[in-house]
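**Student:**
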Amino acid sequence: MISEVGGGNIKHQAAGCSSSSLSGFNVNLKGRGLSRHTLMLQTHLLGTSLFLVKNVMHVLVVNLVSKGTRESIQEKKLIHLTLCDSDVRKKFKMKTSVKKHKLSPKENRLSSAGSGKRTKNPHDVSVHMRTKSNERAYICKECDRRFSHVSNLKRHMRTHTGEKPFLCTECDRSFRQTSSLKTHMMTHTGEKLFSCKECDKSFSGEFSLKTHMRIHTGEKPFSCKECDKSFSQTSSLKTHMKTHTGEKPFSCKECDKKFIILSNLKRHMRTHTGEKPFLCKECDKSFSHTSSLKTHMITHTGEKPFLCKECDKSFNQISSLEKHTRIHTGEKPFLCKECDRSFCQLSSLKKHMRTHTGAKPFSCTECDASFSWISTLKTHMRTHTGEKPFLCKECDKGFSQISSLKKHLRTHTGEKPFLCEECDTCFSEKSNLKAHMRTHTGEKPFLCKECDKSFSQISNLKAHLRTHAQREAFKKKTSKTPSRRLVMKRP
Numbered sequence: 001m002i003s004e005v006g007g008g009n010i011k012h013q014a015a016g017c018s019s020s021s022l023s024g025f026n027v028n029l030k031g032r033g034l035s036r037h038t039l040m041l042q043t044h045l046l047g048t049s050l051f052l053v054k055n056v057m058h059v060l061v062v063n064l065v066s067k068g069t070r071e072s073i074q075e076k077k078l079i080h081l082t083l084c085d086s087d088v089r090k091k092f093k094m095k096t097s098v099k100k101h102k103l104s105p106k107e108n109r110l111s112s113a114g115s116g117k118r119t120k121n122p123h124d125v126s127v128h129m130r131t132k133s134n135e136r137a138y139i140c141k142e143c144d145r146r147f148s149h150v151s152n153l154k155r156h157m158r159t160h161t162g163e164k165p166f167l168c169t170e171c172d173r174s175f176r177q178t179s180s181l182k183t184h185m186m187t188h189t190g191e192k193l194f195s196c197k198e199c200d201k202s203f204s205g206e207f208s209l210k211t212h213m214r215i216h217t218g219e220k221p222f223s224c225k226e227c228d229k230s231f232s233q234t235s236s237l238k239t240h241m242k243t244h245t246g247e248k249p250f251s252c253k254e255c256d257k258k259f260i261i262l263s264n265l266k267r268h269m270r271t272h273t274g275e276k277p278f279l280c281k282e283c284d285k286s287f288s289h290t291s292s293l294k295t296h297m298i299t300h301t302g303e304k305p306f307l308c309k310e311c312d313k314s315f316n317q318i319s320s321l322e323k324h325t326r327i328h329t330g331e332k333p334f335l336c337k338e339c340d341r342s343f344c345q346l347s348s349l350k351k352h353m354r355t356h357t358g359a360k361p362f363s364c365t366e367c368d369a370s371f372s373w374i375s376t377l378k379t380h381m382r383t384h385t386g387e388k389p390f391l392c393k394e395c396d397k398g399f400s401q402i403s404s405l406k407k408h409l410r411t412h413t414g415e416k417p418f419l420c421e422e423c424d425t426c427f428s429e430k431s432n433l434k435a436h437m438r439t440h441t442g443e444k445p446f447l448c449k450e451c452d453k454s455f456s457q458i459s460n461l462k463a464h465l466r467t468h469a470q471r472e473a474f475k476k477k478t479s480k481t482p483s484r485r486l487v488m489k490r491p
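For the sequence shown, UniProt numbering assigns the number 1 to the initial residue and increments by one for each residue that follows.
Put into structure tokens, the structure is as follows:
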């Protein structure tokens, strides 16, 4: 940018600039070499002079002194500083430094070559040019990542150290970045600056809005390499990948269960602690899961938004609708491994499995009886409480089970729905039909333990057992009574 002119003199000559504003400013170098970064000048100019700067790539920060004084003048190189890209021509007093010259706020900007970015600080120009040239001089010692700014490296190092220096003043949470803290603070203030144009939802962070927009666009940019599934969030993909690896890193300390994600473990822990943090605003009930609260709220609103296309039934949960549709399709996807039975609901399969395992997890607190199903336990408890909640509308009788009420109602209606296929006899109860069928088959499943006799009906066995009891009672009675001796009286 500055070229030597014969006799050791130099003058301003900028490439692409027709101006010769500095052509009259000649300096005798007196045989000294021209350094790239430092230009030592000696001058005998008197007083204060003005010069025009235009098209200068390296600005000389000069401080010219009066005649007779020997003082070095050092160049301060401002990297890629361009003042010639605009049509502005600046005047500087030679006696003062260009760096210290106070420009107006509008003018106090430095531009980097080839970029539209402007900054106040010459150091920022240097940093920006490293970004532009993809120069990444700062390397992480823990991994191979490189960064163009030392501040980015420091921020990255917190992922290794776990440091979270930015604390929330409202709660106990802390964050690695101040931007994350600012976004979090909106959860306390309720501020939601980012609104969805498709619906009425708004979000506290721009990232949350972008993630939400994929619901409307259907975009799923994160694909699984193991299968054909794709996801709208990278976190969902990471969770899904554990289904392939079998990884369950979150273990319960109370039992042996393991979980893929931390939120599932936290939800599970409430089964041990009994915590129910989700409260209903309409009543005093509380729930351990937010999904349970949402389901409960429908009992207050009466809303049943999920309609069956085959019939007129509606449901308050989509899972209930899915279970119901299997009645129409006949689908029974849950198979028993012990036998050939299949079920339309997983809960039904679990109940059925107890018939194979013999498990009876539901115990009566009043006696030693235990049951495979909680419904059976509830029915049994009525034998202790005497509760008979099922009332006959025809008479005043009450029953502890609804099945008993149904049987009783047939005595009023005369209904006999159970027909014998061998003869024309009908019965009001299924148990009576089974007992009748034994008269045709000759089956006698009820055996007497006292003798070898067997019976087709349990009532006949009970009557027979009474004959044994009567014989035993008679034997005991006769054995205790002393025998009478005839005594002859003498005359």
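Here a beta-carbon is modelled for each residue, glycine too, at the ideal position from N, C-alpha and C.
Lysine 294 to glutamate 331, Cα distance in whole Å?
**Tutor:** Cα to Cα, the separation comes out at about 28 Å.
**Student:** Counting only the same chain and skipping the five closest in sequence on each side, list residues whose C-beta sits under 6 Å from that of serine 400.
**Tutor:** These residues qualify, in order along the chain: Arg382 and Lys388.
**Student:** Taking the straight line between their C-alpha atoms, what separation do you get for serine 319 and serine 204?
**Tutor:** Cα to Cα, serine 319 sits roughly 31 Å from serine 204.
**Student:** Lysine 225 by DSSP, collapsed to three states: which one?
**Tutor:** Three-state DSSP puts lysine 225 in coil, outside helix and strand.
**Student:** Taking just the CA atoms, how far does histidine 468 sit from isoleucine 374?
**Tutor:** The straight-line gap from Cα to Cα measures roughly 39 Å.
**Student:** In this structure, what does DSSP give as the bridge partners for serine 286?
**Tutor:** Per DSSP, Leu279.
**Student:** Am I right that arginine 326 and cysteine 308 are in contact with their C-beta atoms under 8 Å? What's the rounded C-beta distance?
**Tutor:** Arginine 326 to cysteine 308, Cβ: 11 Å. No contact.
**Student:** Alpha carbons only, please: which of Leu321, His156 and Gly218 is nearest the one belonging to cysteine 143?
**Tutor:** Of Leu321, His156 and Gly218, the residue nearest in Cα terms is His156.
**Student:** Whole angstroms is fine: what's the gap from serine 251's alpha carbon to lysine 276's?
**Tutor:** C-alpha separation (whole angstroms): 21 Å.
**Student:** What residue ranges within the segment 173-234 form continuous alpha helix (DSSP H) runs of no fewer than 4 residues, ordered along the chain?
**Tutor:** List check, alpha helix (DSSP H) in window: 178-189 and 206-217.
**Student:** Got a sec, what are the start and stop residues for the alpha helix (DSSP H) threonine 376 sits in?
**Tutor:** Element bounds for threonine 376: 374-385.
**Student:** Using beta-carbon positions only, say whether leucine 321 and phenylalanine 334 come within less than 7 Å of one another.
**Tutor:** No.
**Student:** What three-state label does DSSP hand lysine 258 in the structure shown?
**Tutor:** The answer is strand: DSSP assigns lysine 258 an E or B state.
**Student:** May I ask you to report which of helix, strand or coil DSSP gives arginine 146?
**Tutor:** DSSP places arginine 146 in strand when its eight states are reduced to three.
**Student:** Tell me whether arginine 471 sits in a helix, a strand or coil according to DSSP, three-state version.
**Tutor:** Helix at arginine 471.
**Student:** Apart from the five residues just before and just after histidine 212, which ones in its own chain have a Cβ nearer than 7 Å to its Cβ?
**Tutor:** Cβ neighbours of histidine 212 beyond the five flanking positions: Cys196, Lys201 and Phe203.
**Student:** With the cut-off set at 7 Å, would you say serine 174 and lysine 164 are in Cβ contact?
**Tutor:** It is a contact, given that the beta carbons lie within the stated cut-off.
**Student:** Taking arginine 158 and arginine 176 to be in contact with their CB atoms under 8 Å, please state how far apart those CB atoms are, rounded to whole angstroms.
**Tutor:** Confirmed, Cβ separation roughly 4 Å.
**Student:** Enumerate in chain order the residues of its own chain whose CB-to-CB distance from lysine 229 is below 8 Å, with the five nearest sequence positions on each side excluded.
**Tutor:** If we look at lysine 229 and ignore the five residues flanking it on each side, its Cβ neighbours are Ser223 and His240.
**Student:** Closest by CA to histidine 449, which one among Gly442, Ser314, Met437 and Lys462?
**Tutor:** Here the sequence assigns lysine to residue 449, which means histidine is not the residue at that position. Of Gly442, Ser314, Met437 and Lys462, the residue nearest in Cα terms is Lys462.
**Student:** Given this structure, state the Cα-to-Cα distance separating serine 342 from cysteine 336, to the nearest angstrom.
**Tutor:** Each residue's alpha carbon lies about 6 Å from the other.
**Student:** Span of the alpha helix (DSSP H) holding lysine 407?
**Tutor:** That run of the alpha helix (DSSP H) goes 402-413.
**Student:** Using a Cβ-Cβ cut-off of 7 Å (strictly less than) and excluding sequence neighbours within five positions of leucine 153, which residues of its own chain qualify?
**Tutor:** Correct list, in chain order: Tyr138, Cys140 and Phe147.
**Student:** Would you check if the distance between the CB atom of threonine 178 and the CB atom of phenylalanine 166 is smaller than 7 Å?
**Tutor:** Taking 7 Å as the Cβ cut-off, threonine 178 and phenylalanine 166 qualify as a contacting pair.
**Student:** Once you ignore the five residues that flank lysine 192 on each side, which residues in its own chain have a CB closer than 8 Å to its CB?
**Tutor:** Contacts found: Met186, Ser202, Phe203 and Ser204.
**Student:** Among residues of its own chain, excluding the 5 on either side of threonine 425, which ones have a beta-carbon nearer than 7 Å to its beta-carbon?
**Tutor:** Once the five neighbours on either side are set aside, the close Cβ partners of threonine 425 are His436.
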